[in-house]
Each structure stands twice: as C-alpha cells, then as structure tokens.
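Quick note on my numbering: the sequence shown kicks off at 450 and runs consecutively. Just so you know, even glycine gets a beta-carbon here, dropped at the ideal spot from N, CA and C. Here the structure is a predicted model, which is why all the values come from computation and not from measurement.
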Amino acid sequence: MTKIKIVYASLTGTNQHVANYLKEKLSAVGASVTASEMSQTAAASLADVDIAIVTSYTNDNELPEEALAFYEELQDLELPRLRFAVCGTGDTAYPQFCTAVDLFESAFLGTGALPAARSVKLDATAGKVDLAVLDPLIARLTIVITTPR
C-alpha cells in the first residue's frame, strides 16, 4: 500500500481543508494517508513515506512563519526515493502568486525527490477555493498510487 503524508500550513483553515480533501480522495483509491500541520511535523519523517504532499499559503510573498522550520529542515535532506506534490493557496492580487508553492517545489527537487504530479496554485482571493482545481493532481497521483513500481 502506498504511504502518503500530507503536510499543511494553514492560517484560515483553507489549506487544512485542501489537505483533508486530498486525504479523502487519495484514501479512496487505496493509499494509506496521514495529514499533519507543518509546524508539528519533522521534515525527516518524509523519508518514511512513498509520496509527500505539501500545501501552504504564502504570507506577504514569503513562507509563513509556521512553515520555516520544516522548509529549512527539508533543504538539508536527501530523499531520492520520495515522490512529491505541492499545492498552495494565494491571492492573485499579489504580483507573486503562491510563492510558497515555488519554494517548496524547489526544495523538494534539491533533495533529489521526484515530482509525482504538477504543482497546483489555488486562487483564494475571495476566501474560498475551488477544490475541483485539484482534480488533475488527484488523477495523476491516482495513477502513481495504482501503478506497480
């Protein structure tokens, strides 16, 4: 069974909602999925799973404070067997939309991990997120989960 860990940073609950949605959908296709707050998660724990998913918001074009320790630890790891996906919420009113997504994607690539799906940037301008935007990511991860290695 494919083990997936979803790690989220959420100020208003939106990214927690995204994480729970992903957990529900990926569990339904047979994966063993856990979700945890980024501030309560050691990046080194990603070595124990097959796929890591990070979802975070961006705070004034930077990572949120509760994501910094995880992000810094992640950059020091070597995770060549890990596959990853990144998604996050942002406001299209800002010139740098969803910077956290780009930063985490780069950090994962620096560990030697391989992308399991394209990153997804969700527009949370109105305080709501269209979860259907995640469907291509879920479809791709479903293929990864159900295809024998």
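Excluding five sequence positions before and after residue 578, the CB atoms of its chain that fall closer than 8 Å to its own CB belong to 463, 466, 467, 538, 571, 572, given in chain order. In this structure, the alpha-carbon of residue 550 lies about 23 Å from that of residue 480. The way I'd put it, the stretch 531 to 546 does touch the stretch 495 to 510; three or more beta-carbon pairs between them come closer than 8 Å. The residue from 475, 540, 552 with its alpha-carbon nearest to that of residue 521 is 552. One thing to note: residue 504 has its Cβ within 8 Å of the Cβ of residue 455.
Just so you know, the alpha carbons of residue 593 and residue 469 end up roughly 19 Å apart.
In the same chain as residue 595, and ignoring 5 residues on each side of it, the C-beta atoms closer than 8 Å to its own belong to 478, 479, in chain order. Separation of residue 587 and residue 565 (C-alpha to C-alpha, rounded to the nearest whole angstrom) is 10 Å.
Sequence-distant partners of residue 485 (beyond 5 residues in either direction) whose C-beta falls short of 8 Å from its own C-beta, in its chain, are 454, 455, 456, 457.
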